[in-house]
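**Student:** Handing you this structure, nothing more for now.
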Amino acid sequence: MDVKEAIEKRRAYRSLAPAEIADELIDDLAKSAQLFCSCFNNQPWRYVFVCDKDILRRMHDALSPGNEWARAASLIIAVFSKPELDCMIRDRKYYLFDTGMATASLILRATELGFVAHPIAGFSPKKTREILSIPEDMEVITLVIVGKHANSISPVLSAKQIAAEKERPERHPLPDFVYKNTYKAQGG
85 MDVKEAIEKR RAYRSLAPAE IADELIDDLA KSAQLFCSCF NNQPWRYVFV CDKDILRRMH
145 DALSPGNEWA RAASLIIAVF SKPELDCMIR DRKYYLFDTG MATASLILRA TELGFVAHPI
205 AGFSPKKTRE ILSIPEDMEV ITLVIVGKHA NSISPVLSAK QIAAEKERPE RHPLPDFVYK
265 NTYKAQGG
């Protein structure tokens with residue numbers, strides 16, 4: 085699979101089937117992030133890969149309502165960083181950008197390997213820090229929910245989530261976010 089194919093194949097499915105999570109898989113995903121670019125090669129990203137069944141169960145307490153489907157995860161990746169780990173030029177938040185790029189690389193590699201890797205915003209950073217012993221000065225940016233795509237729709241999904249399982253949600257047309265030479269509102 086090439087990069088374009090992985091980008092096109094990647095979907096944020098919520099219906100997950102159990103998957104075997106070997107140390108080799110964790111190393112492979114981590115290396116995909118490790119190789120990504122960052123400001124002055126600072127590599128500000130930090131990850132906790134959770135595959136221990138007891139800790140996964142404890143992580144259920146960190147999930148927001150509407151993310152019950154994530155309880156079927158075989159792996160949860162906590163993504164975190166802090167400003168001091170990256171370039172600090174005025175108020176630019178490079179650590180978020182660089183960590184996001186590395187995480188996208190990890191997600192695309194998971195897709196290439198046949199996994200669903202679904203980043204979520206619906207979780208408690210405070211509870212995540214407590215459960216995973218992440219220091220207070222670190223910003224928990226996202227959780228990536230990983231598993232195999234199930235053959236059937238999860239019974240805990242809402243109607244909107246079921247629709248997104250069946251068909252890729254509509255993407256914004258390019259003219260809505262692509263500008264050439266200068267930023268100028270469409271039509272004027």
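Under the working numbering, the letters of the sequence shown match residues 85 to 272, in that order.
We treat Cβ as the ideally placed atom computed from N, Cα and C, and that holds for glycine.
For Ser148, which of Glu254, Thr212, Cys135 and Pro128 has the nearest alpha-carbon?
**Tutor:** Closest option to Ser148, Cα to Cα, is Thr212.
**Student:** Using the beta-carbon count (16 or more within 10 Å), is Ser116 buried or exposed?
**Tutor:** Burial call: buried.
**Student:** Would you call the CB atoms of Pro203 and Leu227 closer than 9 Å?
**Tutor:** It is a contact, given that the beta carbons lie within the stated cut-off.
**Student:** If I'm right that Ile160 touches Val134 with Cβ under 8 Å, what's the distance once you round it to whole angstroms?
**Tutor:** Confirmed, about 5 Å.
**Student:** Using a Cβ-Cβ cut-off of 6 Å (strictly less than) and excluding sequence neighbours within five positions of Val132, which residues of its own chain qualify?
**Tutor:** Excluding residues within five positions, the ones whose Cβ falls inside 6 Å are Ala162 and Leu216.
**Student:** Rounded to a whole number of angstroms, what is the C-alpha to C-alpha distance between Asn166 and Asn125?
**Tutor:** As written in the sequence, residue 166 is Lys, which differs from the Asn given in the question. Distance between the alpha carbons of Lys166 and Asn125: 15 Å.
**Student:** When the Cα atoms are used, what is the spatial distance from Val224 to Gly198?
**Tutor:** Cα to Cα, the separation comes out at about 26 Å.
**Student:** For Asn235, I'd like the list of residues in its chain whose CB is within less than 8 Å of its CB, leaving aside the five on either flank, ordered along the chain.
**Tutor:** Around Asn235: Ala101.
**Student:** Run through the region 154-179 for me and flag every whole beta strand (DSSP E) of 3 or more residues, listed as ranges in chain order.
**Tutor:** The qualifying runs are 159-165.
**Student:** Just verifying my parser: in three-state terms, what is the DSSP assignment at Pro203?
**Tutor:** Pro203 falls in the strand class under three-state DSSP.
**Student:** Tell me where the alpha helix (DSSP H) around Arg142 begins and ends.
**Tutor:** Here the alpha helix (DSSP H) through Arg142 covers Lys137 to Met143.
**Student:** Going by C-alpha distance, which of Cys171, Asn265 and Phe120 is nearest Leu192?
**Tutor:** Ranking the options by Cα distance to Leu192, first place goes to Phe120.
**Student:** Please return the same chain residues whose Cβ sits closer than 7 Å to the Cβ of Ile237, not counting the five positions on each side in sequence.
**Tutor:** Once the five neighbours on either side are set aside, the close Cβ partners of Ile237 are Ser99, Ile246 and Glu249.
**Student:** In this structure, how does DSSP classify Gly272 when only helix, strand and coil are distinguished?
**Tutor:** With a pLDDT of 47 at Gly272, under the threshold of 50, the modelled position of this residue cannot be trusted; read the value that follows with caution. In this structure, Gly272 counts as coil in the three-state DSSP scheme.
**Student:** Within 10 angstroms of the Cβ of Gly231, are there 16 or more other Cβ atoms? Answer buried if so, exposed if not.
**Tutor:** Classification of Gly231: buried, given that the 10 Å Cβ count is 16 or more.
**Student:** Per DSSP, what kind of secondary structure is Ala106 in: helix, strand or coil?
**Tutor:** The answer is coil: DSSP assigns Ala106 none of H, G, I, E or B.
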